[in-house]
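Input: a single structure, listed below in structure tokens.
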Amino acid sequence: MPAASLAAVRSFVAAPQQPQPEQTIERPRAFAFQGVGKFFGDKVVLDGIDLDVPVGQFVAVIGKSGCGKSTLLRLLAGLDRPTAGSLTFGSEEEGHSRTRFMFQEPRLLPWASVVKNVEVGLTGIASGADARQRALAILGEVGLADRADEWPSVLSGGQKQRVALARALVGHPQILALDEPLGALDALTRIEMQQLLERIWLAQKFTAVLVTHDVAEAVALADRVVVISAGKIALDLDVPVARPRRRGSVELARLEGKILDRLFG
Amino acid sequence: MSFSTRLATPLATRLGRNGIGWLLPVLVIAGWEIASRAGLMPPNVLPAPSAVAEAFWRLTLSGELIRNIGVSTARALAGFAVGGSIGFALGLANGLSTLSRGLTDTTLQMIRNIPHLALIPLVILWFGIDEEAKLFLVALGVFFPIYVNTLLGIQSVDPQLVEMGRVYGMDRRALFFRVILPGALPAIFVGLRYALGIMWLTLIVAETISASSGLGYMAMQAREFLLIDVVVLSILIYALLGKLADSLARLLERLSLGWHPAFQNA
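Residue numbers (full-length UniProt numbering), protein chains in the order written: chain A, 1 to 265; chain B, 1 to 266.
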């Protein structure tokens, strides 16, 4: 009880005008960072990160480049180990194996057809005709069913990233870690991809952690925005705006301004 | 590995495109025949193509030509199989393991700088003029292009793709067959084509110096008896065999590298 009341006090102090949505308290935990630190020699990349994320939440992590946000994601996906503190997952059998990672680059195998690339996401889960069936189904969801048997090299940048999204989602991950996956796309393709991502997230109910440097993208997509600065959490802000959200609305702009103030203030 | 390349180009166009490469050799032969018939080229310097064709027919009927081509091809392939597989295996080992590379690469790079044909006197002393001598020289000649390019191919595989494979739970076996080997394949093919050239070169040199059968031997015998048409015939057959080997390698390349933008010009 003391811990819970302390958390309540802290959330009150951090965001007095926005009470925690009650669902956050009820839902089980997807993962939690507890006092996590990551050092490379003398260089402190992350220090004392506490982050408790409930199942199904869409969290955006924002920060200037080099602030440690990508490292946070790599720890979550098990690509790196924390130097200090611990990382726990909601249920014991899950963990890194049910976490999927979407990279900044599509990272498709150029020698495998689009559908074979999606099947990579089913490694150790399904194979053969079953894998192809599932891969084709998810390709349909990202709108690329008709490109299944083509080589990745003939696709546009946005289409490649959609294949990468399909690959990440085909195994039905519990947690999807996204490392600025839309950063290299042009502005219009990017908005399209954001809408696609939101639609699939709403349908599949996974927990999403999106690292981005685009504040507008973060407030448009996320339930919660975490700002990281100099290896610490500088701001942990809920985005209590109903979906579908209208890009450029006053509410989102107000939150965006608040985050930018924190980043540059 | 997917072999589903879209061979959509019509056959006639493909024949036309390949056929144009044969236009020049045919013209050269025709010009040569005319020059010989006109007496511009004495037969003891260069016999007419028709004389070479006659020699071809004579040697085919006697079975000598087929036998010698057979002997030479068997030697070439045996040497290629031995040298190529050792080169490929070492290239893989050194590409995948830093320990193996640290242990052997320096030595191999030193040996690579010795022209393998310079070893002929030594090889004759070791093996005489038996089959082992030719096998050894061909294997040694083929080894290096395959080794160097396999190693290079594996080292140039995109580390981001390897990381992706790991994140998606590929075990070492899957990682090798689905990411590393296909990524190294374009470089391995460069090595293969280069090795095929070296294979014929080495074999012919070895056969002209020390052999009792094979195409090189046939040419040297013909020189002894001043059968210049047979000498020219042997040279032409080298050219054809070399072209055949290269075409086979290119076909394999096209079938297995259909994903590569360089092979999608159709």
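Every residue gets a Cβ at the ideal spot worked out from N, C-alpha and C, and that includes glycine.
Only a predicted model underlies this, so the values are computations on that prediction, with no experimental measurement involved.
> For the putative contact between alanine 139 of chain B and serine 210 of chain B, defined by C-beta atoms under 8 Å, what is the C-beta separation to the nearest angstrom?
Replying inline: The Cβ separation is near 16 Å, so there is no contact.
> Would threonine 212 of chain A count as contacting chain B if we go by Cβ distances under 9 Å?
Replying inline: no
> CA-CA distance, glycine 83 of chain B and phenylalanine 143 of chain B?
Replying inline: So the alpha carbons of these two residues sit roughly 5 Å apart.
>> Restricting to Cα atoms, I'd like to know which of A/Gly143, A/Gly63, A/Lys69 and A/Val115 is closest to leucine 196 of chain A.
In response: A/Gly143
>> Between threonine 207 of chain A and chain B, is any beta-carbon pair separated by less than 9 Å?
In response: Chain B, which has no Cβ nearer than 9 Å to the Cβ of threonine 207 of chain A, makes this no.
>> Within 10 Å of its beta-carbon, does proline 25 of chain B have 16 or more other beta-carbons around it, so buried, or fewer, so exposed?
In response: Result: exposed.
> Count the other CB atoms within 10 Å of the CB of proline 49 of chain B; is the residue buried (16 or more) or exposed (fewer)?
Replying inline: Around the Cβ of proline 49 of chain B, a 10 Å sphere holds 16 or more other Cβ atoms; the residue is buried.
> Relative to the alpha-carbon of phenylalanine 177 of chain B, which residue among B/Gly191, B/Gly258 and B/Val162 has its alpha-carbon at the smallest distance?
Replying inline: Checking every option, the nearest Cα to that of phenylalanine 177 of chain B belongs to B/Val162.
>> Cβ closer than 7 Å: which chain B residues qualify as neighbours of residue 266 of chain A?
In response: Since the first residue of chain A shown is 1 and the last is 265, residue 266 of chain A is not available in this structure.
> Under a Cβ-count criterion, where at least 16 other Cβ atoms within 10 Å of its own Cβ denotes burial, should lysine 205 of chain A be classed as buried or exposed?
Replying inline: exposed
> Does glutamate 105 of chain A have its Cβ less than 9 Å from a Cβ in chain B?
Replying inline: yes
>> Spatial neighbours of leucine 178 of chain A within its chain, please: C-beta separation below 6 Å, excluding the five flanking residues on both sides.
In response: Met102 and Leu210
>> Cβ closer than 9 Å: which chain B residues qualify as neighbours of serine 153 of chain A?
In response: Trp259, His260, Pro261 and Gln264
> Interface residues of chain B around proline 110 of chain A at Cβ under 8 Å?
Replying inline: Trp259 and His260
>> By the three-class DSSP mapping on this structure, what secondary structure does leucine 263 of chain A have?
In response: helix
>> Taking 9 Å as the threshold (C-beta atoms), are threonine 71 of chain A and isoleucine 116 of chain A in contact?
In response: This sequence places lysine at residue 116 of chain A; isoleucine is not what is there. Using a Cβ distance threshold of 9 Å, lysine 116 of chain A and threonine 71 of chain A do not count as a contacting pair.
> Grouping DSSP H, G and I as helix and E and B as strand, with all else coil, what is serine 153 of chain A?
Replying inline: helix
> Between the C-alpha atoms of methionine 164 of chain B and arginine 107 of chain A, what's the straight-line distance to the nearest angstrom?
Replying inline: 7 Å
>> If distances are taken between C-alpha atoms only, which option among A/Gly265, A/Ala166 and A/Gly257 comes closest to glutamate 119 of chain A?
In response: A/Ala166
> With distances taken between CB atoms, is the gap from leucine 176 of chain A to alanine 220 of chain A smaller than 9 Å?
Replying inline: no
> How big is the Cα-Cα spacing for methionine 193 of chain A and glycine 140 of chain A?
Replying inline: 15 Å
>> Would glycine 85 of chain A and glutamine 174 of chain A qualify as a contact pair, given that the criterion is a beta-carbon distance under 9 Å?
In response: no
> In the DSSP assignment, what residue or residues form a beta bridge with methionine 102 of chain A?
Replying inline: A/Leu178
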